[in-house]
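Enquirer: In order, the protein sequences belong to chains Z and S. Just so we're aligned, residue 0 is where the first sequence starts under numbering that gives the first Met the number 0, counting upward by one. Just so we're aligned, residue 0 is where the second sequence starts under numbering that gives the first Met the number 0, counting upward by one. Virtual Cβ for every residue (Gly too), placed ideally from N, Cα, C. Structure below; questions to follow.
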Amino acid sequence: MKQHWLVRPGTIRLLWAVFLSVLALTVLASLITDVHAWFWLDGTFAFNAWYGFATCIGMVVFAKLIGRLLHRKDTYYDRN
Amino acid sequence: MTGISAIPPGLPLLLGALLLPLFGPRVRAILALGLPLLTLALAWQVADGVILRIPFLDYELEPVAGDRLSRLFGTIFAIAAFAGALFALNRARVIELVAGLACAGSAIGVTFAGDLITLVVFWEALALASTLVVWSAMTDQSYHASMRYILIHLLGGVLLMTGIIGHVADTGSVTFTTMALDSPAHWLILAGFLVNAGAPPLSAWLPDAYPEASPTGMVFLSAFTTKTAVYVLLRGFPGTEILIYLGLYMIFYGIVYALLENDMRRILAYSIVNQVGFMVCGIGIGTELSMNGAASHAFTHIIYKALLLMSAGSVLYMTGKRKCTDLGGLFHSMPLTTTCGIIGALSISAFPLTSGFISKSMISQAAGGEHLALIWFLLTAGSAGVFLHAGVKFPWFVFFQKDSGLRPPDPPLNMRLAMIFFAFLCLAIGIWPAPLYAILPFPVDYVPYTRAHVVEMLQLLLFSGLAFFIMLPYMKRTPTITLDWDWFYRGLGLRVVRSVLSMSSPLHVRMRIGFLRRLGTFFGTLFLYHGPQGILARTWATGSMVLWVVILLGLYLLAYYY
Numbered sequence: 000m001k002q003h004w005l006v007r008p009g010t011i012r013l014l015w016a017v018f019l020s021v022l023a024l025t026v027l028a029s030l031i032t033d034v035h036a037w038f039w040l041d042g043t044f045a046f047n048a049w050y051g052f053a054t055c056i057g058m059v060v061f062a063k064l065i066g067r068l069l070h071r072k073d074t075y076y077d078r079n
Numbered sequence: 000m001t002g003i004s005a006i007p008p009g010l011p012l013l014l015g016a017l018l019l020p021l022f023g024p025r026v027r028a029i030l031a032l033g034l035p036l037l038t039l040a041l042a043w044q045v046a047d048g049v050i051l052r053i054p055f056l057d058y059e060l061e062p063v064a065g066d067r068l069s070r071l072f073g074t075i076f077a078i079a080a081f082a083g084a085l086f087a088l089n090r091a092r093v094i095e096l097v098a099g100l101a102c103a104g105s106a107i108g109v110t111f112a113g114d115l116i117t118l119v120v121f122w123e124a125l126a127l128a129s130t131l132v133v134w135s136a137m138t139d140q141s142y143h144a145s146m147r148y149i150l151i152h153l154l155g156g157v158l159l160m161t162g163i164i165g166h167v168a169d170t171g172s173v174t175f176t177t178m179a180l181d182s183p184a185h186w187l188i189l190a191g192f193l194v195n196a197g198a199p200p201l202s203a204w205l206p207d208a209y210p211e212a213s214p215t216g217m218v219f220l221s222a223f224t225t226k227t228a229v230y231v232l233l234r235g236f237p238g239t240e241i242l243i244y245l246g247l248y249m250i251f252y253g254i255v256y257a258l259l260e261n262d263m264r265r266i267l268a269y270s271i272v273n274q275v276g277f278m279v280c281g282i283g284i285g286t287e288l289s290m291n292g293a294a295s296h297a298f299t300h301i302i303y304k305a306l307l308l309m310s311a312g313s314v315l316y317m318t319g320k321r322k323c324t325d326l327g328g329l330f331h332s333m334p335l336t337t338t339c340g341i342i343g344a345l346s347i348s349a350f351p352l353t354s355g356f357i358s359k360s361m362i363s364q365a366a367g368g369e370h371l372a373l374i375w376f377l378l379t380a381g382s383a384g385v386f387l388h389a390g391v392k393f394p395w396f397v398f399f400q401k402d403s404g405l406r407p408p409d410p411p412l413n414m415r416l417a418m419i420f421f422a423f424l425c426l427a428i429g430i431w432p433a434p435l436y437a438i439l440p441f442p443v444d445y446v447p448y449t450r451a452h453v454v455e456m457l458q459l460l461l462f463s464g465l466a467f468f469i470m471l472p473y474m475k476r477t478p479t480i481t482l483d484w485d486w487f488y489r490g491l492g493l494r495v496v497r498s499v500l501s502m503s504s505p506l507h508v509r510m511r512i513g514f515l516r517r518l519g520t521f522f523g524t525l526f527l528y529h530g531p532q533g534i535l536a537r538t539w540a541t542g543s544m545v546l547w548v549v550i551l552l553g554l555y556l557l558a559y560y561y
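Take a look at the structure:
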């Protein structure tokens, strides 16, 4: 079966390239944007970029830890 | 009180829904689509102030009272009922359609209720109707889930009703106005409202019950119960500080549990709690901007959440599968469902040019404006987390990731039309927010499309996306569930009850044997006198009958004289 164009390795490499360039562009856009900071931390360079990235990593790690404690097989309640 | 505007807008929908089973498919379709539109028209007939007063006992009911807030919620509930009915038409059981439209009618009844008695009547009708929606999936799981669902909602109803009785005893008035947390009664009312909002510790009912509904049923469910709670909180408890913290808990609870979840519709159910968290937080902040944010976010949320659930519902309807571990690669054969799912996912993430962008940011803007630093930082992290758990995770695991080999086509026409309608609304509101801003409770002095806001949001969301794909190896789906507060009554509570029963079983057995023995003696005696050979079951001679009648009449005569 012929591979769909979206799942070919070439396309996926291209998508990553486009994605990373867009990320870079949004960071560069900070240079030419007047950001209104409410507090000092959110006035740091490209705040939303690093903050979004860091908090998401944090949330995934936190979720994994919670999961260790609270995960059960999805038939857990069926036994009752 | 004049003519048509004195009709409670929710009533024709609530009562009309009950008539649906009487008609054939064609008339039923016309009614199911026409009644929500009629309701929409009625909602806009309601002017400001109390339109209808009915004396009841010592009080005055106000079943029709309008203002900007009630019209806003009335509008979106009617639109949601229309799209939900279109999606469900000919696909759902008639009972589910009836229940779904009755949900909408009850929710609209709440939004136009000027007094607490009318409110609680429609509130309970909503609980019953939504239970019926869960139940009408007609599976074992849905039956048990609907029973757990109604237990929690009846508890919420009892809290609310007790609070209302206390409030009326304190103040002598049944009018539904803003309340302060200055009496136990008001705490109870708040608790009753919060049960329906999915606030902790009773939030588990939502991801427990909703995903057990049918593919079409969950679309109905997502729109009404929690958003009715948001409406009553907006009206009853604006600026109540505790709501900020409850809202923040709901935001992160929704994200963390959705990240751990494997069932696609449970991911979306957790994400309802997450989104309602933003609204509850906005209500807690209590400025005009944050209240507008909460109200408009409820409006846009109903649309994009229904859209997400329609796309998930289409997948479930066409494949019969609901777990991420069984799905993937569906974009091959379901292009429209994929596109609509992605539009919904971008909207929930507040991507520029979608509806979430123009509503949610008002809430964090308000937190910043009030210099609530910690809350602002948490709301921003929450926004990033929304993209993580709903914006990327849902479409990625359902439509892309590994190829599951499933190749179902897009769903039938009416389902496609409903999705297209809501996808259109998501984009239209995002691109042209002015009409929505014009009907918000307070005048809007907010410009969403500034360069700074667009750049900030793109950075936040795209870098969250980067985090998702970097962490992908850690996000591998497993066939698991995550324990929640409901473990205390579904797990621990059950075990306690069982062990008490087993400990007391010798006593129980003795009591049972004793009872049965007594029952046997009782029936034995009964049989002796009334059985076929019993003295009271004999055929009596006419003569003796007449004799007894004469004696009785004689006694009566004597009693009459003395």
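Taking Cβ positions, are I374(S) and L247(S) nearer each other than 9 Å?
Expert: Sequence index remark: in the second sequence, residue 374(S) carries index 375 (1-based). Sequence index remark: in the second sequence, residue 247(S) carries index 248 (1-based). Yes, they are a contact pair.
Enquirer: Tell me the DSSP secondary structure of T538(S) in three-state form.
Expert: Residue mapping note: residue 538(S) aligns to position 539 of the second sequence, counting from 1. Three-state DSSP puts T538(S) in coil, outside helix and strand.
Enquirer: Please work out which residues of its chain come closer than 6 Å, Cβ to Cβ, to H185(S), disregarding the five sequence neighbours upstream and downstream, and give them in chain order.
Expert: For this step, residue 185(S) is matched to residue 186 along the second sequence. Excluding residues within five positions, the ones whose Cβ falls inside 6 Å are M178.
Enquirer: Given this structure, state the Cα-to-Cα distance separating S34(S) from A28(S), to the nearest angstrom.
Expert: What you label residue 34(S) is simply residue 35 of the second sequence in a count that begins at 1. What you label residue 28(S) is simply residue 29 of the second sequence in a count that begins at 1. Inspection of the sequence shows that residue 34(S) is occupied by Leu rather than by Ser. Cα to Cα, the separation comes out at about 10 Å.
Enquirer: Going by Cα to Cα distance, which pick from L64(Z), A62(Z), I56(Z), Y75(Z) is closest to L459(S)?
Expert: If you number the second sequence from 1, residue 459(S) lands on position 460. Checked all of L64(Z), A62(Z), I56(Z), Y75(Z); the closest Cα to L459(S) is I56(Z).
Enquirer: Which residues in chain Z sit within 9 Å of W375(S), going by Cβ to Cβ distance?
Expert: To locate residue 375(S), count along the second sequence from 1; it is residue 376. Under the 9 Å cutoff, chain Z gives W37, F38, D41.
Enquirer: Check whether the Cβ of V26(Z) lies closer than 9 Å to any Cβ atom in chain S.
Expert: Counting from 1 along the first sequence, the entry for residue 26(Z) is found at position 27. V26(Z) counts as touching chain S.
Enquirer: Against Y473(S), what residues of chain Z qualify as contacts under a CB-to-CB distance less than 7 Å, listed in chain order?
Expert: Start at 1 with the first residue of the second sequence, and residue 473(S) comes out as number 474. Going along chain Z in sequence order, the residues near Y473(S) (Cβ under 7 Å) are V59, K63.
Enquirer: Closest by CA to A380(S), which one among S463(S), S354(S), W431(S)?
Expert: Taking the first residue of the second sequence as position 1, residue 380(S) is located at position 381. The residue with the shortest Cα to Cα distance from A380(S) is S463(S).
Enquirer: Just checking, does the region 408 to 417 of chain S make contact with the region 483 to 493 of chain S on the three C-beta pairs under 8 Å criterion?
Expert: As far as the Cβ criterion goes, the region 408 to 417 of chain S does not touch the region 483 to 493 of chain S, which means the pair count is below three.
Enquirer: Measure from the C-beta of S501(S) to each C-beta in chain Z and report whether the shortest distance is under 9 Å.
Expert: Numbered from its first residue, the second sequence carries residue 501(S) at position 502. Output row for S501(S): interface = no.
Enquirer: From L371(S), V272(S), V132(S), pick the residue whose C-alpha is nearest to that of E211(S); which is it?
Expert: Along the second sequence, read from residue 1 onward, the residue named residue 211(S) stands at position 212. The shortest C-alpha separation from E211(S) is found at V132(S).
Enquirer: Counting pairs of Cβ atoms below 8 Å between the region 142 to 149 of chain S and the region 235 to 255 of chain S, do you hit three or more?
Expert: These segments do not touch.
Enquirer: By Cβ distance, which residues of its chain are closer than 6 Å to L258(S), with the 5 residues on each side in sequence left out?
Expert: Within the second sequence, numbered from 1, the residue matching residue 258(S) stands at position 259. Within the same chain, L258(S) has close Cβ partners H388.
Enquirer: Going along the chain, which residues of its own chain have a beta-carbon closer than 7 Å to the beta-carbon of L233(S), five neighbours each way excluded?
Expert: Locating residue 233(S) in the second sequence gives position 234, counting from the first residue. Answer for L233(S): L68, I282, M290, A293, A294, listed in chain order.
Enquirer: Can you tell which of F522(S), H452(S), V499(S), I512(S) has its C-alpha closest to the C-alpha of I31(Z)?
Expert: For this step, residue 31(Z) is matched to residue 32 along the first sequence. Per the Cα distances, H452(S).
Enquirer: Using a Cβ-Cβ cutoff of 8 Å, what residues of the region 429 to 463 of chain S are near chain Z? List them in chain order.
Expert: Taking 8 Å as the Cβ-Cβ cut-off against chain Z, the residues of the region 429 to 463 of chain S that qualify are R450, A451, V454, E455, M456, L457, Q458, L459, L460, L461, F462, S463.
Enquirer: Specify, as a first and last residue, the run of the alpha helix (DSSP H) that R67(S) falls within.
Expert: Within the second sequence, the letter at position 68 stands for residue 67(S). From DSSP, the alpha helix (DSSP H) with R67(S) extends over 67 to 87.
Enquirer: Judging by CA-CA distance, which residue of L85(S), V97(S), D485(S) is the nearest neighbour of P410(S)?
Expert: In the second sequence, counting from the first residue as 1, residue 410(S) sits at position 411. For the residues L85(S), V97(S), D485(S), the minimum Cα distance to P410(S) belongs to L85(S).
Enquirer: Since T479(S) and D73(Z) should fall inside the 8 Å C-beta cutoff, what is the C-beta to C-beta distance between them, to a whole number of angstroms?
Expert: As a position in the second sequence, residue 479(S) is number 480, starting the count at 1. As a position in the first sequence, residue 73(Z) is number 74, starting the count at 1. With 8 Å as the limit, T479(S) and D73(Z) qualify as a contact, their Cβ atoms being about 6 Å apart.
Enquirer: Less than 9 Å between CB atoms is the rule here; does V21(Z) satisfy it with respect to chain S?
Expert: Counting from one through the first sequence, the residue named residue 21(Z) turns up at place 22. V21(Z) counts as touching chain S.
Enquirer: Would Y58(S) and D139(S) be called neighbours here (beta carbons separated by less than 9 Å)?
Expert: As a first step, residue 58(S) is located in the second sequence; it is residue number 59 there, counting from the start. As a first step, residue 139(S) is located in the second sequence; it is residue number 140 there, counting from the start. Not a contact, by the Cβ cut-off of 9 Å.
Enquirer: To the nearest angstrom, report how far apart F526(S) and T538(S) are at their CA atoms.
Expert: As a first step, residue 526(S) must be located in the second sequence, where it is residue number 527. As a first step, residue 538(S) must be located in the second sequence, where it is residue number 539. So the two alpha carbons sit approximately 16 Å from each other.
Enquirer: Strictly under 9 Å for the Cβ-Cβ distance: is P8(Z) near chain S by that measure?
Expert: For the purposes of this step, residue 8(Z) is identified with residue 9 of the first sequence, where counting begins at 1. Taking Cβ atoms only, chain S never reaches closer than 9 Å to P8(Z), which makes this a no.
Enquirer: Taking only the alpha-carbon atoms, compute the straight-line gap between M0(S) and I53(S) and give it to the nearest angstrom.
Expert: Here residue 0(S) refers to the residue found at position 1 when the second sequence is read from its first residue. Here residue 53(S) refers to the residue found at position 54 when the second sequence is read from its first residue. With a pLDDT of 47 at M0(S), under the threshold of 50, the modelled position of that residue is not reliable, and the figure given next carries that caveat. Rounded to the nearest angstrom, the two C-alpha atoms are 11 Å apart.
Enquirer: How would you label W204(S), buried or exposed, when you count the other beta carbons within 10 angstroms and need 16 or more for buried?
Expert: Sequence index remark: in the second sequence, residue 204(S) carries index 205 (1-based). Its Cβ being crowded by 16 or more others within 10 Å, W204(S) is buried.
Enquirer: Give me the Cα-Cα distance between A136(S) and A222(S), rounded to the nearest whole angstrom.
Expert: Sequence index remark: in the second sequence, residue 136(S) carries index 137 (1-based). Sequence index remark: in the second sequence, residue 222(S) carries index 223 (1-based). Answer to the nearest angstrom: the Cα atoms are 18 Å apart.
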